[in-house]
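Novice:
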DNA sequence: TCGGACTCGTTCAAATTCGAACGATAGCAG
DNA sequence: CTGCTATCGTTCGAATTTGAACGAGTCCGA
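Residue numbers (the working numbering), protein chains in the order written: chain A, 1 to 144; chain B, 1001 to 1144.
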């Protein structure tokens, strides 16, 4: 038998979905001004967070996209000169994706308003003393 | 000047995205056994939560989908006999979407495992004494 | 070293999604 | 009542996303 969700539990679940949707909508809309989709931004942001390139499969696992979807978007970004593909020296099967200088420059333009948006919609709406609780709780959900 | 996000804030942001993605992946995979996409399930679930039909635009606003996307999916569900379109008596522009008996039956089959999944991945991972805090915090984010 | 199982990134066709139209209806100020 | 504006759901073409192949490379036990 399945135990139904209590009102509190249901409300928490809806709040999680609602918060995610809300943030996604706002981010998507903001990115459109820079001709970037959410997926494309995620790729650039992930590449920008480290100094080395990232393999396609590893990248696809981190984002919410299939390998073939990433192949397509990597092509779009490469066509715009924001990203380059390079062969891996370690593993001949692997294609490493790297940011170009143009890609870094675009990321540098897009990131500040993105951070402002996250602050406005997420961080600033949570009581600072609750933030650690929320962070830890959500991290448990995200955990594999 | 944009104030950067602190480590804690950034971790909270990533945790939110991670939690949402994690849940979405698991739900999507589970629904595939019933030949339903996440969007289709959302439509059925929303229709099932009330006894009256819901207008297309109102429905689209609640879900993360455009009006034209909803037109398409409503067509898919109608083709499978899970849903029917009816004219609204109040407003001739409005098309009300209703669950059919088959739609209700399918929803009744899909909901229990869905609830079990939500419990397993979300509710049970959060300390019960923290749940209210998480719920309220996320509700603030979801708020318009 | 061989062979089988796995992972890599890509290709392809099909399914889905989007945004910009559009015709029809509602609501409201004058 | 008459315009004007907004909202309704749909259509259309283009863009994106998916899943199932595939060829190539890696790994590991026999």
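We put the beta carbon where it would ideally sit given N, CA and C, even for glycine.
Indicate whether at least one CB of chain A lies closer than 8 Å to the CB of residue 1112 (chain B).
Specialist: As a working mapping, residue 1112 (chain B) is identified with position 112 in the second chain. Yes, its Cβ sits closer than 8 Å to a Cβ of chain A.
Novice: Going by alpha carbons, who is nearest to residue 1075 (chain B) out of B:1044, B:1093, B:1012?
Specialist: On the second chain, residue 1075 (chain B) is found 75 positions in, with the first residue counted as 1. Taking only the C-alpha atoms, the option nearest residue 1075 (chain B) is B:1044.
Novice: Give the DSSP-derived three-state secondary structure of residue 1093 (chain B) in the structure shown.
Specialist: By 1-based counting over the second chain, the position of residue 1093 (chain B) is 93. Three-state result, residue 1093 (chain B): coil.
Novice: I'd like to confirm the pairing. Which residues does DSSP put opposite residue 1054 (chain B) in its beta bridges?
Specialist: The count along the second chain starts at 1 and reaches residue 1054 (chain B) at position 54. Paired residues: B:1097.
Novice: Here's a check: name, in chain order, each residue in its chain whose Cβ is nearer than 8 Å to the Cβ of residue 117 (chain A), leaving out the five neighbours to either side.
Specialist: The sequence position of residue 117 (chain A) within the first chain is 117, counting from 1. These residues qualify, in order along the chain: 26, 27, 30.
Novice: In whole angstroms, give me the CA-to-CA distance for residue 1071 (chain B) and residue 1054 (chain B).
Specialist: Numbered from its first residue, the second chain carries residue 1071 (chain B) at position 71. Numbered from its first residue, the second chain carries residue 1054 (chain B) at position 54. Cα-Cα distance, rounded: 13 Å.
Novice: Give the C-beta separation of residue 1130 (chain B) and residue 64 (chain A) to the nearest angstrom, bearing in mind that I take them to be a contact with Cβ-Cβ under 8 Å.
Specialist: By 1-based counting over the second chain, the position of residue 1130 (chain B) is 130. By 1-based counting over the first chain, the position of residue 64 (chain A) is 64. With a Cβ gap of about 26 Å, residue 1130 (chain B) and residue 64 (chain A) do not count as contacting.
Novice: For residue 94 (chain A), which residues of its own chain have a beta-carbon under 7 Å away from its beta-carbon, when the five flanking residues on both sides are left out?
Specialist: For the purposes of this step, residue 94 (chain A) is taken as the residue at position 94 of the first chain. Around residue 94 (chain A): 55, 88.
Novice: Below 8 Å on the Cβ atoms is my guess for residue 138 (chain A) versus residue 1016 (chain B); work out the distance and round it to an integer in Å.
Specialist: In the first chain, the residue the question calls residue 138 (chain A) occupies position 138. In the second chain, the residue the question calls residue 1016 (chain B) occupies position 16. With a Cβ gap of about 5 Å, residue 138 (chain A) and residue 1016 (chain B) count as contacting.
Novice: Measuring CB to CB, does residue 1097 (chain B) end up less than 8 Å from residue 1083 (chain B)?
Specialist: Taking the first residue of the second chain as 1, we reach residue 1097 (chain B) at position 97. Taking the first residue of the second chain as 1, we reach residue 1083 (chain B) at position 83. Result yes, Cβ atoms of residue 1097 (chain B) and residue 1083 (chain B) sit closer than 8 Å.
Novice: Do you know offhand how far residue 1006 (chain B)'s Cα is from residue 1073 (chain B)'s?
Specialist: Reading the second chain from its first residue, position 6 is the one you call residue 1006 (chain B). Reading the second chain from its first residue, position 73 is the one you call residue 1073 (chain B). The straight-line gap from Cα to Cα measures roughly 41 Å.
Novice: Skipping 5 residues on each side, what residues in its chain have a beta carbon closer than 7 Å to that of residue 1023 (chain B)?
Specialist: The residue labelled residue 1023 (chain B) in the question sits at position 23 within the second chain. Closer than 7 Å at the Cβ level, and outside the excluded window around residue 1023 (chain B), lie 1121, 1122.
Novice: Quick one: list the residues of chain B neighbouring residue 41 (chain A), beta-carbon separation under 9 Å, in chain order.
Specialist: Counting from one through the first chain, the residue named residue 41 (chain A) turns up at place 41. Within 9 Å Cβ-Cβ: nothing; residue 41 (chain A) doesn't reach chain B, min ~12 Å.
Novice: Per DSSP, residue 1083 (chain B) forms a beta bridge with which residues?
Specialist: On the second chain, position 83 is the one that residue 1083 (chain B) refers to. Bridge partners of residue 1083 (chain B): B:1099.
Novice: Does any CB atom of chain A fall closer than 8 Å to the CB of residue 1141 (chain B)?
Specialist: What you label residue 1141 (chain B) is simply residue 141 of the second chain in a count that begins at 1. Yes - at least one Cβ of chain A is within 8 Å of the one on residue 1141 (chain B).
Novice: Using a Cβ-Cβ distance cut-off of 8 Å, determine whether residue 1005 (chain B) contacts chain A.
Specialist: Here residue 1005 (chain B) is taken as the residue at index 5 of the second chain, counted from 1. Yes - at least one Cβ of chain A is within 8 Å of the one on residue 1005 (chain B).
Novice: How about residue 1099 (chain B) and residue 1047 (chain B): are their beta carbons less than 8 Å apart?
Specialist: The sequence position of residue 1099 (chain B) within the second chain is 99, counting from 1. The sequence position of residue 1047 (chain B) within the second chain is 47, counting from 1. A contact, by the Cβ cut-off of 8 Å.
Novice: Verify the CB distance criterion: does residue 58 (chain A) have a CB-CB separation below 8 Å to chain B?
Specialist: Here residue 58 (chain A) refers to the residue found at position 58 when the first chain is read from its first residue. No, because no Cβ of chain B sits closer than 8 Å to the Cβ of residue 58 (chain A).
Novice: Measuring straight from C-alpha to C-alpha, what distance separates residue 2 (chain A) and residue 1103 (chain B)?
Specialist: Position 2 of the first chain holds residue 2 (chain A). Position 103 of the second chain holds residue 1103 (chain B). Taking the straight line from one Cα to the other gives about 20 Å.
Novice: Figure out for me which residue from B:1052, B:1062, B:1061 has the closest Cα to the Cα of residue 1085 (chain B).
Specialist: Taking the second chain and counting its residues from 1, one reaches residue 1085 (chain B) at position 85. When only C-alpha atoms are compared, the closest one is B:1052.
Novice: Tell me which residues share the same chain as residue 1069 (chain B) and place their Cβ nearer than 8 Å to its Cβ, disregarding the 5 neighbours each side in the sequence.
Specialist: Within the second chain, the letter at position 69 stands for residue 1069 (chain B). Excluding sequence neighbours, residue 1069 (chain B) sits near 1039, 1060.
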